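Residue numbers (our numbering): 1 to 445.
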């Protein structure tokens, strides 16, 4: 598969752009989830339901538009003041409190009261004439008009009502043109508006969570950013790791032209892992398919690392940002298990071409399905990805799918390996593999 034109015409997104896009998405996702759990958002959503409710809107509209003259408080106070300023009513109360009325009412209860109707008796008594005069006075007639009347009853009811704290407060409220600002609803709405202007709330409301579905779909299981300086401080070990104890550890293969150097050809510089092939002789323990382990001389040094003690995973997404330098040598990032097969080559590069594929074992033979990739500069950083499900294996370089197969899909946990080596058919040379990061994810489904 030649990626030249796809890369040239922009069909392949640049590594930097992919990382920037992913990092931005991840940052937005983390911010979105943080806000989603915040008390501010919870409060905002609660207030939103309040201030957008028909009841809240109707109450606000009423408080803002209602005229003071239309209130019961205004009507009651106006009526009370009219009665309170009525001359005859005031005159009634003056008479009611007078000693003259009290004296007359007391006299009215005596037998002598009947004498007021007799002219002869009136002529004889100045006191009777005085009582008679009061009885015929405007004051007494006014008193009799209002005493026990509805008007006085209403006046006293209103007087009692308008003097209560409840009425005074209510009247003061309705008389205030800015009454809305004195309500709890006003403060509720103001807090709602404050939260509506909060940059986090604005971000949450404007953000479409659909792009986060891919992040919700997977859980991070392994992240290696190579923030260590020595192998002992890392998650990796040099050498191989198989279920046979004798095949665990540091050794080389006589079928290759380099001797693996026990992790000494591996180092981290500025957060990037380097696995180096050098033209330096080395005598080391090596596995020979016919003879078993032998001491073997090699003209080149390389290295192999395994992450068996760090992660072993079945299914998911496996990604690494890598680049490869050197001709006549090979570099590989692969998954394997306790046995030699199956093996998934996430990427294997010989300088000219890159290969992805899977080895597996059947009852009768070993099989391999793969695809070779050309057309891009493997000396530049690319993101190599494998999506492994129960049904198939899918490989990507950056955002471009390069191979898909349903053949030989492993059904066992596998761990990562990294190696820089020289095959028997290669001429040999010097070079290196650089790995910026490795990330594994499991499917939440």
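Built from N, CA and C at the ideal position, the CB exists for glycine as well. Since this is a predicted model, take the numbers as computed values, not measurements.
Residue 62, buried or exposed, once every other Cβ within 10 Å from all chains shown has been counted against 16: Reading the chain shown from its first residue, position 62 is the one you call residue 62. The residue is exposed, with fewer than 16 neighbouring Cβ atoms inside 10 Å.
Beta-carbon proximity list for residue 202, same chain, < 6 angstroms, skipping 5 on both sides: Counting from one through the chain shown, the residue named residue 202 turns up at place 202. No residues qualify anywhere along the chain.
Distance between beta carbons of residue 305 and residue 344, contact taken as under 8 angstroms: Translated into positions along the chain shown, residue 344 becomes position 344. Translated into positions along the chain shown, residue 305 becomes position 305. Rounded, the Cβ-Cβ distance is 16 angstroms, inconsistent with contact.
Buried or exposed (CB count within 10 angstroms, at least 16 for buried), residue 81: Translated into positions along the chain shown, residue 81 becomes position 81. It is exposed - the Cβ of residue 81 has fewer than 16 other Cβ atoms within 10 Å.
As assigned by DSSP and simplified to three states, the class of residue 376: For the purposes of this step, residue 376 is taken as the residue at position 376 of the chain shown. The answer is coil: DSSP assigns residue 376 none of H, G, I, E or B.
Close beta carbons around residue 236, own chain, < 6 angstroms, minus the five adjacent residues each side: On the chain shown, residue 236 is found 236 positions in, with the first residue counted as 1. Cβ within range, chain order: 305 and 307.
Within the stretch 281-327, ranges of the beta strand (DSSP E) (whole runs, at least 3 residues): 282-288, 292-298, 300-306 and 316-325
Between the CA atoms of residue 104 and residue 181 - distance to the nearest angstrom: As a first step, residue 181 is located in the chain shown; it is residue number 181 there, counting from the start. As a first step, residue 104 is located in the chain shown; it is residue number 104 there, counting from the start. Using only the alpha carbons, I get a separation of about 57 angstroms.
First through last residue of the alpha helix (DSSP H) which encompasses residue 174: Working through the chain shown from its first residue, we reach residue 174 at position 174. Per DSSP, residue 174 belongs to the alpha helix (DSSP H) from 165-175.
For residue 45, three-class secondary structure by DSSP: Numbered from 1 along the chain shown, position 45 holds the residue referred to as residue 45. Helix.
Start-to-end residues for the alpha helix (DSSP H) that takes in residue 54: Residue numbering aside, residue 54 sits at position 54 when the chain shown is read from its first letter. Residues 54-65.
Assumed close pair residue 226, residue 276 - CB separation to whole angstroms, cut-off 8 angstroms: Working through the chain shown from its first residue, we reach residue 226 at position 226. Working through the chain shown from its first residue, we reach residue 276 at position 276. Residue 226 to residue 276, Cβ: 15 angstroms. No contact.
Sub-8 angstroms separation of residue 448 and residue 228 beta-carbons: Past the boundaries of the shown model lies residue 448; the chain is included only from 1 to 445, so the question cannot be answered.
Residue-chain proximity (residue 313, chain B), Cβ-Cβ < 8 angstroms: As a matter of chain content, chain B is missing from the structure shown, which is built from one protein chain.
The stretch 84-103 touching the stretch 186-199, judged by at least three CB pairs closer than 8 angstroms: no
Cβ pair count under 8 angstroms reaching 3, the stretch 43-62 against the stretch 405-423: no
Cβ pair residue 212, residue 439 closer than 8 angstroms: For the purposes of this step, residue 212 is taken as residue 212 along the chain shown, with counting starting at 1. For the purposes of this step, residue 439 is taken as residue 439 along the chain shown, with counting starting at 1. For residue 212 and residue 439, no; Cβs fall outside 8 angstroms.
Where residue 331 falls: helix, strand or coil (DSSP): Counting from 1 along the chain shown, the entry for residue 331 is found at position 331. In this structure, residue 331 counts as strand in the three-state DSSP scheme.
Which of helix, strand or coil DSSP assigns to residue 436: Start at 1 with the first residue of the chain shown, and residue 436 comes out as number 436. Reduced to three states, the DSSP call for residue 436 is strand.
Extent of the continuous alpha helix (DSSP H) run through residue 191: Numbered from its first residue, the chain shown carries residue 191 at position 191. Where residue 191 is concerned, the enclosing alpha helix (DSSP H) stretches over 184-196.
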